[in-house]
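For reference, the structure is listed below as structure tokens.
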Amino acid sequence: MASRSNNSRLPKFKRVLFVAAHPDDPDFGAGGSVARLTDNGSEVIYVIVTDGSQGGEDPNQKDTDLVAIRQKEQRAAARVLGVKKVEFLGYKDGHLAPDLKLRRDIVRMIRMYKPELVITHIPGRVLDAPMGGSHPDHLAVGEATFAAVYPDSRNPRAFRSLLKEGLKAHEVKEVWIPFWTSGDYLVDITPTLDKKIEALNKHQSQVAKPGREWDIEKLLRKRHREVGKRGGYRYAESFKRITV
Ligand SMILES: [Zn+2]
């Protein structure tokens, strides 16, 4: 099938903030689209909320060692996709709640980077999708990020301590949620699927767990081919696209 890739079909965003719970989430959820956006001239910034310290099989591995590995992997994966900046908020993996502190910390990122588009997790449990997508940290980040986009980041009376940091109100225009079961907006990732696979392979601590080897390339090609069929693309990623 001929690729219908065309950058003019992708909306033009100056800056995009991707707020995710764990290292590897942005690459898994939307790595092909991230590469399309950076190819198209957008500056994409990753905000990784947790330290990733529960993403391992060895209970005796030191948290600090695993955190360092995962940050290094995330930076390498981001580079593959053209993402120049990764912010780690350092919350403990597995312990997130969509509380006011988390909201404020995400508002700080939004006001600092002033994105037009924010990409984040689904802010609620999806019962007809595999449970991995409804990790409690994902739900917490999704909910806190939605609250940060509206109303907090645009409301000058919200989190007034941020004004003292010089961070003024900012209006985000759109939110995208990677939503591969039933999204309503498809991005053609035919030109960037190889980069997505390369980026995910940078997360060796996750894709090469002993006794749990999986063929990431096969899995991604199958998934994105199925999604692509809905729009006549060879490979696609699917989102819920929300205008704020
Ligand atoms: Zn995750």
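In my numbering, the protein residues as written are 8 to 251.
Don't be surprised by glycine CBs; every beta carbon is placed ideally from N, CA and C.
Since the model is a prediction, treat every value here as computed from it, not as a measurement.
* Would you call Ser49 buried or exposed, if buried means 16 or more other Cβ atoms sit within 10 Å of its Cβ? -> Numbered from its first residue, the sequence shown carries residue 49 at position 42. Under this definition Ser49 is a buried residue.
* Asked: Near Phe186, which residues of its chain fall below 7 angstroms by C-beta distance, leaving aside the five closest residues on each side in sequence?
  -> The residue labelled residue 186 in the question sits at position 179 within the sequence shown. Result list for Phe186: Ile129, Ser245, Phe246, Lys247, in chain order.
* Between Glu178 and Arg167, is the Cβ-Cβ spacing less than 9 angstroms? -> Taking the first residue of the sequence shown as position 1, residue 178 is located at position 171. Taking the first residue of the sequence shown as position 1, residue 167 is located at position 160. In this structure, Arg167 does not lie closer than 9 angstroms to Glu178 by Cβ.
* Segment contact flag, the region 232 to 242 with the region 85 to 93, C-beta cutoff 8 angstroms, min 3 pairs -> no
* **CB contact flag (Ser40, Val194, <9 angstroms)** => For this step, residue 40 is matched to residue 33 along the sequence shown. For this step, residue 194 is matched to residue 187 along the sequence shown. Contact flag set, yes.
* Specify, as a first and last residue, the run of the alpha helix (DSSP H) that Leu107 falls within. => Against the sequence shown, residue 107 aligns to sequence position 100. Leu107 -> alpha helix (DSSP H) spans 107 to 120.
* Mind reading off the beta-carbon distance from Tyr120 to Arg22? Whole number of angstroms is fine, and I expect it under 8 angstroms. => Here residue 120 corresponds to residue number 113 of the sequence shown, with the count starting at 1. Here residue 22 corresponds to residue number 15 of the sequence shown, with the count starting at 1. With 8 angstroms as the limit, Tyr120 and Arg22 qualify as a contact, their Cβ atoms being about 6 angstroms apart.
* Asked: Can you give the beta carbon distance from Ile55 to Phe95, rounded, assuming they're within the 8 angstroms contact cut?
  -> Position 48 of the sequence shown, counting from 1, holds the residue named residue 55. Position 88 of the sequence shown, counting from 1, holds the residue named residue 95. The pair is a contact, with the Cβ atoms about 5 angstroms apart (cut-off 8 angstroms).
* Whose C-alpha, out of Phe25, Ala206, Leu200, is nearest the C-alpha of His231? -> Position 224 of the sequence shown, counting from 1, holds the residue named residue 231. Nearest of Phe25, Ala206, Leu200 to His231, Cα basis: Leu200.
* Asked: When DSSP builds the beta bridges, which residues end up paired with Phe25?
  -> By one-based count along the sequence shown, residue 25 stands at place 18. DSSP lists Tyr53, Ile126 as partners of Phe25.
* Glu233, buried or exposed, once every other Cβ within 10 Å from all chains shown has been counted against 16 -> Translated into the one-based positions of the sequence shown, residue 233 becomes position 226. Its Cβ having fewer than 16 others within 10 Å, Glu233 is exposed.
* Asked: Would DSSP call Gly149 helix, strand or coil?
  -> Counting from one through the sequence shown, the residue named residue 149 turns up at place 142. Three-state DSSP puts Gly149 in a helix.
* Over what stretch of residues does the beta strand (DSSP E) that includes Ala243 continue unbroken? -> By 1-based counting over the sequence shown, the position of residue 243 is 236. Its beta strand (DSSP E) spans residues 243 to 250.
* With a 10 Å radius around its C-beta and 16 neighbouring C-beta atoms as the bar for buried, classify Pro137 as buried or exposed. => As a position in the sequence shown, residue 137 is number 130, starting the count at 1. When all chains shown are included, Pro137 counts as exposed.
* What do you get for His210, buried or exposed, if any count of 16 or more other CB atoms within 10 angstroms of its CB means buried? -> Numbered from 1 along the sequence shown, position 203 holds the residue referred to as residue 210. By the neighbour-count rule (16 or more Cβ atoms within 10 Å), His210 is buried.
* To do: Could you tell me which of Asp31, Lys91, Ala27, Gln61 sits nearest to Val51, measuring between CA atoms?
  => Against the sequence shown, residue 51 aligns to sequence position 44. Nearest option by C-alpha distance: Lys91.
* Asked: First and last residue of the alpha helix (DSSP H) that includes Val182?
  -> Counted from its first residue, the sequence shown places residue 182 at position 175. Looking at the DSSP string, Val182 is not in any alpha helix (DSSP H); the run it does join, the beta strand (DSSP E), is 181 to 185.
* Would you kindly check if the distance between the Cβ of Leu207 and the Cβ of Val148 is under 9 angstroms? => In the sequence shown, residue 148 corresponds to position 141, counting from 1. In the sequence shown, residue 207 corresponds to position 200, counting from 1. Contact flag unset, no.
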